[in-house]
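J.: The working numbering applies: residue 7 is where the sequence shown begins, and numbers increase by one.
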Amino acid sequence: MTARFTDRIALVTGAGGGIGSAIAARLAEEGATVIVADVVAEAAQRTVDEIVAGGGAAVPSTFDLRSPEAIRAAVAGLLAEHGRIDVLVNNAGVNRRGALLELSDDDWALTFDVNVDAIFHLTRAVLPQMVERRTGAIVNTASQWGLHPAPGHIGYNVSKAAVVSFTQSLARDYAPHNVRVNAVAPGEVRTPMVEANLARTGRTVDDLNKLVPFGRIGEPSEIAALVAFLASHETPYLTGTVVEITGAQAVS
Ligand code: NAD
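#1: Taking the C-alpha atoms as reference points, what is the distance between Gly104 and Asp13?
#2: Nearest by alpha-carbon distance to Ile223: which of Tyr162, Gln150, Ser171 is it?
#3: Tell me which same chain residues have a C-beta within less than 8 Å of the C-beta of Thr39, skipping the five on either side of it?
#4: State the Cα-Cα distance for the pair Ile125 and Leu109, rounded to the nearest angstrom.
#5: Taking its Cβ as the centre, do 16 or more other Cβ atoms sit within 10 Å of Asp213, making it buried, or is it exposed?
#6: In angstroms, rounded to a whole number, what distance separates the CA positions of Arg72 and Arg186?
#7: At a cut of 8 Å, does the stretch 45-60 reach the stretch 246-258 through at least three beta carbon pairs?
#8: Three-state secondary structure (DSSP) at Pro66?
#9: Exposed or buried, which one is Gly193 when buried takes at least 16 other CB atoms within 10 Å?
#10: Does DSSP put Thr252 in a helix, a strand or coil?
#11: So the beta strand (DSSP E) Val1 belongs to, where does it begin and stop?
#12: Helix or strand or just coil, what does DSSP make of Asp92?
#13: Taking 8 Å as the threshold, find out whether the stretch 148-163 comes into contact with the stretch 76-96 through three or more Cβ pairs.
#14: Counting C-beta neighbours from all protein chains within 10 Å, is the total for Tyr243 16 or more, i.e. buried, or is it exposed?
#15: Mind checking whether Ile29 and Val233 have CB atoms under 8 Å apart?
#16: Under 8 Å by Cβ, that's how I've got Ala59 and Phe69 pegged, so tell me the actual separation to the nearest angstrom.
#17: Determine, using beta carbons only, whether Ile25 and Ile229 come nearer to each other than 8 Å.
#18: Can you tell me whether Asp13 is helix, strand or coil according to DSSP?
#19: Taking 7 Å as the cut-off, is the beta-carbon of Val42 closer than that to any non-hydrogen atom of the ligand NAD?
#20: Taking Thr117 as the reference, which of Asn184, Thr247, Val100 has the closest Cα?
#21: What residues in its chain sit with their C-beta under 7 Å from that of Asn215, if we drop five residues either side in the sequence?
#22: Could you spell out the range, first to last residue, of the alpha helix (DSSP H) harbouring Ile223?
#23: Give a single yes or no on whether Arg32 has its beta carbon closer than 7 Å to a heavy atom of the ligand NAD.
#24: Tell me, please, whether the stretch 136-148 touches the stretch 167-176 by the rule of three or more beta-carbon pairs shorter than 8 Å.
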């Protein structure tokens with residue numbers, strides 16, 4: 007494997023979860039020191055242990071993305087410890103099901119706190135040192151549903167549409183400072199988030215696989231490979247883009 011992140015410090019949120027742990031592992035395999043951020047300390051530690059067991063470098067960082075103060079304090083501590091953050095992956099997210107009349111106020115608020123506001127606060131905390139050093143890469147985990155809304159998930163769809171626009175807007179504003187900003191927009195990926203949704207609806211992964219022209223839903227490692235490419239310096243001109251990764255599945 008190439009080592010595109012040697013000597014880089016990468017902060018990955020939701021890194022105790024399905025896609026985030028795969029992103030953290032991939033960046034570490036390619037030489038990064040990965041800050042594994044999650045609100046669930048045991049989940050973050052599990053990812054760190056797996057990376058370290060494989061010979062990589064990782065440290066846990068536990069904070070709640072719903073708290074702007076916690077975000078600012080965590081980033082200040084991380085910058086004091088590591089000196090810089092070269093790669094930021096805003097990956098954490100929640101998915102609350104429901105059409106407008108079914109979704110609770112709390113579900114809507116949580117969705118926007120974690121999926122949108124947290125990205126605003128975390129990126130604002132990390133960006134100044136990227137701008138100052140004139141280098142940095144930010145990758146946001148949006149969703150195919152942010153581009154093509156799925157029925158019965160209005161809060162999630164709208165929050166991910168915001169992630170798409172945030173990505174494009176930030177990229178335009180900070181391209182002159184050599185900070186690149188891109189997003190991935192996955193279709194369904196086999197993670198605890200999807201498994202929880204399936205458990206609620208009584209469907210199986212096989213049911214989902216049949217809906218994908220490629221023959222199956224995505225694997226976290228496949229999303230991680232794309233995130234690593236976007237975060238790398240292979241294509242400095244690539245910024246402001248949102249890449250769908252779906253096995254050619256249309257939203258139905
Ligand atoms: P997951 O539930 O496995 O992981 C999400 C992680 O985010 C968890 O470890 C969780 O603890 C963390 N998190 C949640 N709230 C938090 C908070 N307040 N503070 C800090 N951390 C918090 O989900 P996943 O499937 O790996 O999803 C990762 C990202 O990918 C999300 O943004 C999701 O919307 C997106 N996505 C997933 C799919 C899919 O099919 N799984 C498809 C498209 C997009």
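Ideal placement from N, C-alpha and C gives every residue a C-beta, glycine not left out.
T.: This is what the structure holds:
#1: Answer to the nearest angstrom: the Cα atoms are 44 Å apart.
#2: Comparing alpha-carbon positions, the option among Tyr162, Gln150, Ser171 lying closest to Ile223 turns out to be Gln150.
#3: Result list for Thr39: Arg14, Ile15, Ala16, Ala63, Ala64, Val65, His88, in chain order.
#4: Going from the Cα of Ile125 to the Cα of Leu109 covers about 22 Å.
#5: Classification of Asp213: exposed, given that the 10 Å Cβ count is below 16.
#6: Rounded to the nearest angstrom, the two C-alpha atoms are 25 Å apart.
#7: At 8 Å Cβ cutoff, the stretches do not touch.
#8: In the structure shown, Pro66 falls within a strand segment according to DSSP collapsed to helix, strand and coil.
#9: Buried, because 16 or more other Cβ atoms sit within 10 Å of the Cβ of Gly193.
#10: Judged by DSSP in its simplified three-state form, Thr252 adopts coil rather than helix or strand.
#11: Lying before the first or after the last residue shown, residue 1 is absent from the chain, which here runs from 7 to 258.
#12: DSSP places Asp92 in coil when its eight states are reduced to three.
#13: Between the stretch 148-163 and the stretch 76-96 there are fewer than three C-beta pairs closer than 8 Å, too few to call the two in contact.
#14: With fewer than 16 Cβ atoms within 10 Å of its Cβ, Tyr243 is classed as exposed.
#15: Contact: yes.
#16: Going by Cβ atoms, the distance from Ala59 to Phe69 rounds to 24 Å, so no, they are not a contact pair.
#17: Going by C-beta atoms, Ile25 is nearer than 8 Å to Ile229.
#18: Per DSSP, reduced to three states, the secondary structure at Asp13 is coil, with no helix or strand assignment.
#19: Outside the cutoff, so no.
#20: The option with the nearest alpha carbon to Thr117 is Val100.
#21: Excluding the 5 residues flanking it on each side, Asn215 has same chain C-beta neighbours closer than 7 Å at Gly221, Arg222, Ile223, in chain order.
#22: Looking at the DSSP string, Ile223 is not in any alpha helix (DSSP H), and its letter there is neither H nor E.
#23: Not under cutoff, so the answer is no.
#24: The stretch 136-148 is in contact with the stretch 167-176.
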